[in-house]
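Trainee: Here it is: the structure, laid out below.
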Amino acid sequence: MDYLEIQGGKPLSGKVPISGSKNAALPVIAATILSDGEVKLTNLPDVVDIRTMLTLLSQLGSNIEHQTTNATINTTTINSTKALYEIVSKMRASILVLGPLLARFGECEVSLPGGCAIGQRPIDLHIKALEKMGAIIENKGGYIHASAPNGLSGAKIVFDQITVGGTENTVMAAALAHGTTTIVNAAKEPEVVQLCEMIASAGVKIKGIGTSELEIEGTSGRLLVFPTTKIIPDRIEAGTYLCIGAITHSTLTLTDVNPSHLGAIVDKLETMGCSFEIEESNITIYPAKTLQPIHIVTLEYPGFPTDMQAQFMAVASIAKGESIIEERLFENRFMHVSELNRLGADIWLKGNIAAVKSVENLYGAEVMATDLRASSALVLAGLIAQGTTIIRRIYHLDRGYDNLEGKLLAIGADIVRKKDR
Ligand code: UD1
């Protein structure tokens, strides 16, 4: 298995190009199931999760040409509507094929994703929304069997909790439904906005894009013709490199970003003492003289993203004073705490709240990645730790960070990927 070896303490500087957003690309790929003919996608990140989603579509019978950041997907050849456990168990976001498969074919089977490292993550809200639209859903043999023999009908869906994936599945299902669907308490994440804009660009009328109430006029089964869709920049990858600038006290310029998606992240780093120069698609971080402690509560967009919680915890570990970090979205998203403590951090957990006490230095050690964002927190810590840090189980990182070592090497980090003999 691959692992990363980092020699900490190297000064970093330069430019980091930010890739397309994994979390925007996944629903966009799923949405191609709604299409009549080829769809071209550009600016895809070159990460494992994207390849997994493309494999899933190809197992269903789609024709796919994929070259690193571009793909042409033709779903007219789909001849199976069963998303198998072997793929869904690798990546929970596979559940995003449920809405579009059901809307187009009137039936499908999707494996239940099961638990995941950061918590229970149920899909009850996805299912309730589709049932409200007339689907009959049964849970048999580890699979969700969904059918809607007469097609789905528009409905008023009120989410009692904001769900990104649930909103995306419902929007895709609503696009081909009979009549109008209203989603109340919809997620407003930029990735949801990209999906809505893609579907609207195919002629589906959607009101309220980017707000918490969406109204989608379905096409009564008519398939969609999508123009080429360019994936938006990855705000979590961008946020991770901003945290790398902050923790290593480096000036870094990120290119190909959308600064308007980075509000909560920039705001917290400013509170910690960093400063920024923001241009249309670039952002430069200047390091803090002394990193100040912070108080973070994870929330839905435009609040502070849970996907940045672990990276900020690494930065906070060397701030001058005690930081408090409260995780409100996922109950078990603190597995990086014990690994950061192995590197010399002083973090205390009580329930969903972490108290991050100040330490002067972190020290290299062998640690284990537990999930995607937790792994990046360990990389951040390794970049400033004295000595050598070895990070194992980096397949988590490969799921979501495009060319991490390459981008870090280019700005001066001492990082190598090695293989166990
Ligand atoms: C997406 C992101 C993930 C991010 C998360 C929150 C993708 C591929 N993944 O995940 O990186 O951390 O949003 O911003 O885009 N919930 C239920 N029932 C449901 C659905 C969700 O109780 O049917 C709960 C979840 O357990 C969680 C909360 O709602 O506590 C938010 O989850 P959700 O927004 O659905 O996250 P994902 O779409 O899975």
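Going by numbering that gives the first Met the number 0, the sequence shown opens with residue 0, and the numbers climb by one from there. Cβ atoms here follow ideal geometry from the backbone N, Cα and C, with glycine treated the same way.
#1: Does the count of Cβ pairs from the region 181-201 and the region 220-234 closer than 8 Å reach three?
#2: I'd like to know if the region 213-222 and the region 317-334 are in contact, where contact means that at least 3 CB-CB pairs between them fall below 8 Å.
#3: Let me check you understand the geometry: is the CB of THR54 closer than 7 Å to at least one non-hydrogen atom of the ligand UD1?
#4: Any contact between the region 369-389 and the region 345-359? By contact I mean 3 or more CB pairs, one from each, below 8 Å.
#5: Assuming contact is defined by CB atoms lying nearer than 8 Å, are GLN58 and ILE17 in contact in what I supplied?
#6: Leaving out the 5 sequence neighbours to the left and right, which residues in its chain are closer than 6 Å to HIS395 when beta-carbon positions are compared?
#7: Determine the closest residue to THR247 out of ASN331, GLN385, THR67, PRO232, with distance taken between C-alpha atoms.
#8: Is the beta carbon of PRO121 within less than 7 Å of some heavy atom of the ligand UD1?
#9: Identify whether LEU328 lies in helix, strand or coil by the three-state DSSP scheme.
#10: Considering VAL336, what are the terminal residues of the alpha helix (DSSP H) in which it resides?
#11: Taking the continuous beta strand (DSSP E) assigned at GLY13, which residues delimit it?
#12: Under 7 Å: does the beta carbon of HIS144 sit that close to some heavy atom of the ligand UD1?
#13: At what residues does the beta strand (DSSP E) containing TYR285 begin and finish?
#14: Could you tell me the alpha carbon to alpha carbon distance between ARG391 and VAL366, rounded to whole angstroms?
#15: Select from LEU56, SER152, ASN402 the residue whose C-alpha is nearest the C-alpha of THR80.
#16: Can you tell me which of ILE77, ASP123, GLY399, ILE63 puts its alpha carbon nearest to the alpha carbon of PHE104?
#17: From ARG221 to ALA313, what distance separates their C-alpha atoms?
#18: Hey, how far is the Cα of MET132 from the Cα of THR41?
#19: With C-beta atoms as the reference, is VAL421 less than 8 Å away from SER322?
#20: Within the region 144-213, note down every full alpha helix (DSSP H) run reaching 4 residues or more, in order along the chain.
#21: For GLY232, does the three-state DSSP call read helix, strand or coil?
#22: Can we count THR305 as close to the ligand UD1, meaning its CB is less than 7 Å from some heavy atom?
#23: Could you check if ASN138 is buried or exposed, using at least 16 other CB atoms within 10 Å of its CB as the buried criterion?
#24: According to DSSP, which residues form a beta bridge with GLY8?
#25: Whole angstroms are fine: how far does the CA of ALA30 sit from the CA of VAL96?
#26: Going by other Cβ atoms of all chains shown within 10 Å of its Cβ, with 16 needed for buried, is GLY350 buried or exposed?
#27: On the three-pair Cβ rule with 8 Å, is the region 151-166 touching the region 119-127?
#28: Taking all protein chains shown into account, do 16 or more other C-beta atoms lie within 10 angstroms of the C-beta of HIS335, making it buried, or fewer, making it exposed?
#29: When you measure from the CB of LEU125 to every non-hydrogen atom of the ligand UD1, does any distance come out below 7 Å?
#30: State buried or exposed for LYS267, treating a residue as buried only when at least 16 other CB atoms are found within 10 Å of its CB.
#31: Would you say the beta carbon of GLU190 comes nearer than 7 Å to a heavy atom of the ligand UD1?
#32: Taking the alpha helix (DSSP H) that THR51 belongs to, which residues open and close that run?
#33: How far does the alpha helix (DSSP H) with THR270 in it reach, from first residue to last?
Mentor: On the basis of the coordinates in this document:
#1: yes
#2: No, the region 213-222 is not in contact with the region 317-334.
#3: No, the ligand UD1 has no heavy atom inside 7 Å of this Cβ.
#4: Not touching, per the Cβ criterion.
#5: The beta carbons of GLN58 and ILE17 sit no closer together than 8 Å.
#6: ALA368, ASP370, LEU371, SER374
#7: GLN385
#8: Flag set: Cβ of PRO121 near the ligand UD1.
#9: Of the three classes helix, strand and coil, the one that applies to LEU328 here is coil, per DSSP.
#10: 335-341
#11: 12-16
#12: Not so, every heavy atom of the ligand UD1 lies at least 7 Å from the Cβ.
#13: 281-285
#14: 6 Å
#15: LEU56
#16: ILE77
#17: 49 Å
#18: 32 Å
#19: In this structure the chain extends from 0 to 420, so residue 421 is not present and cannot be described.
#20: 163-174, 189-200
#21: The identity of residue 232 in the sequence shown is Pro, whereas the question assumes Gly. DSSP places PRO232 in strand when its eight states are reduced to three.
#22: At a cut-off of 7 Å, the beta-carbon of THR305 counts as near the ligand UD1: some heavy atom of the ligand is closer than that.
#23: exposed
#24: In DSSP, GLY8 forms no bridge with anything.
#25: 8 Å
#26: exposed
#27: yes
#28: With 16 or more other Cβ atoms from the protein chains shown falling within 10 Å of its own Cβ, HIS335 counts as buried.
#29: Residue 125 is actually His in this sequence, not Leu. Checking the Cβ of HIS125 against the ligand UD1 gives yes.
#30: buried
#31: At a threshold of 7 Å, GLU190 counts as near the ligand UD1, since its beta carbon sits closer than that to one of the ligand's heavy atoms.
#32: 47-58
#33: From DSSP, the alpha helix (DSSP H) with THR270 extends over 262-270.
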